[in-house]
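Numbering (our numbering), first residue to last: 1 to 224.
Here a beta-carbon is modelled for each residue, glycine too, at the ideal position from N, C-alpha and C.
None of the values given here were measured: they were computed from a predicted structure.
Shown next as structure tokens:
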């Protein structure tokens with residue numbers, strides 16, 4: 001009887017060790033909800049254009065994780081999210097007689113901005129120091145993002161008047177750029193570098209083209 005109990009104990013110990021080893025080195029997922037806040041710097045601004053506020057971006061979404069190695073600490077992520085981008089500058093957008101006009105603001109004003117609301121598809125190569133039971137770890141996620149702006153609008157406000165324009169066709173609905181997130185745990189430094197112009201075929205009255213692009217710096221929060 002003692003020999004039988006000892007035999008069962010030995011088998012159980014062996015199976016537990018094998019199971020633990022299998023779990024420790026099996027693939028695991030880092031599916032994550034992400035929330036980000038960024039400061040937008042506009043590149044290639046025309047000399048006559050200047051900023052008049054803090055341009056900003058807010059994003060939220062979900063990324064599906066696809067492990068690429070046995071340990072699970074290297075993978076590919078692809079997701080779906082929402083992004084809102086607001087640009088404060090002194091480009092006045094109006095639409096008299098159904099035609100959109102772009103001009104530099106002359107005189108005083110209280111507020112001027114244009115914004116986009118977009119569906120986003122982020123994709124990234126993901127390296128991290130995580131394990132199957134370690135939830136705080138260092139990470140480097142590098143990749144890109146494609147966005148489709150389903151809402152585009154502007155708002156110009158003075159002491160006496162407010163002008164709103166919706167559906168600005170000259171804003172590129174399809175935007176794309178490179179992304180990088182580096183950090184530890186929930187807090188991560190994030191950068192977005194836009195690869196195409198915010199506007200398409202937009203020109204001032206003097207025919208100067210508007211070829212500005214995005215560069216965003218901020219924080220990204222990943223929630224398991």
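Is it right to say residue i is buried, meaning 16 or more other beta carbons lie within 10 angstroms of its own, or is it exposed?
| i | result |
| --- | --- |
| residue 166 | exposed |
| residue 141 | buried |
| residue 133 | exposed |
| residue 145 | buried |
| residue 138 | exposed |
| residue 152 | buried |
| residue 122 | buried |
| residue 98 | exposed |
| residue 192 | buried |
| residue 44 | exposed |
| residue 172 | buried |
| residue 205 | exposed |
| residue 199 | buried |
Figure out for me which residue from the options has the closest Cα to the Cα of residue i.
| i | options | result |
| --- | --- | --- |
| residue 201 | 89, 52 and 212 | 212 |
| residue 116 | 175, 224, 52 and 53 | 175 |
| residue 63 | 56, 41 and 30 | 30 |
| residue 112 | 191, 207, 50 and 190 | 50 |
| residue 53 | 83, 88, 42 and 68 | 88 |
| residue 59 | 44, 156, 79 and 70 | 79 |
| residue 207 | 128, 103, 40 and 188 | 103 |
| residue 180 | 93, 77, 96 and 66 | 77 |
| residue 219 | 199, 183 and 209 | 183 |
| residue 216 | 92, 204 and 83 | 83 |
| residue 125 | 170, 69 and 205 | 69 |
| residue 169 | 93, 186 and 224 | 93 |
| residue 229 | 205, 156 and 224 | Beyond the ends of the chain as shown, which are 1 and 224, falls residue 229; an answer cannot be given. |
| residue 57 | 114, 162 and 224 | 114 |
| residue 90 | 187, 192 and 46 | 46 |
| residue 154 | 85, 75 and 136 | 85 |
| residue 48 | 109, 105, 66 and 186 | 105 |
Can you give me the Cβ contacts of residue i inside the same chain, cut-off strictly under 6 Å, excluding the 5 residues immediately before and after it?
| i | result |
| --- | --- |
| residue 194 | 177, 213 and 214 |
| residue 222 | 32 and 34 |
| residue 119 | 148 |
| residue 160 | none |
| residue 189 | 182 and 183 |
| residue 209 | 203 |
Give the DSSP bridge partners of residue i, in chain order.
| i | result |
| --- | --- |
| residue 103 | 92 |
| residue 219 | 37 and 189 |
| residue 32 | 63 |
| residue 46 | For residue 46, which the question treats as bridged, DSSP gives no partner whatsoever. |
| residue 57 | 38 and 85 |
| residue 214 | 42 |
| residue 131 | 134 |
With respect to the beta strand (DSSP E) encompassing residue i, which residues constitute its N-terminal and C-terminal limits?
| i | result |
| --- | --- |
| residue 146 | 138-157 |
| residue 121 | 111-128 |
| residue 179 | 174-184 |
| residue 163 | 162-166 |
Going along the chain, which residues of its own chain have a beta-carbon closer than 8 Å to the beta-carbon of residue i, five neighbours each way excluded?
| i | result |
| --- | --- |
| residue 24 | With a pLDDT of 44 at residue 24, under the threshold of 50, the modelled position of this residue cannot be trusted, and the question is left open. |
| residue 73 | 127, 128, 129, 130 and 131 |
Could one say the Cβ of residue i lies closer than 8 Å to chain D's Cβ atoms, at least one of them?
| i | result |
| --- | --- |
| residue 194 | Looking at the structure shown, chain D is missing, and only one protein chain is on hand. |
For residue i, which residues in the same chain have their Cβ closer than 7 Å to its Cβ, ignoring the five residues on either side in sequence?
| i | result |
| --- | --- |
| residue 38 | 56, 57, 190, 192, 216, 217 and 218 |
| residue 163 | 94 and 156 |
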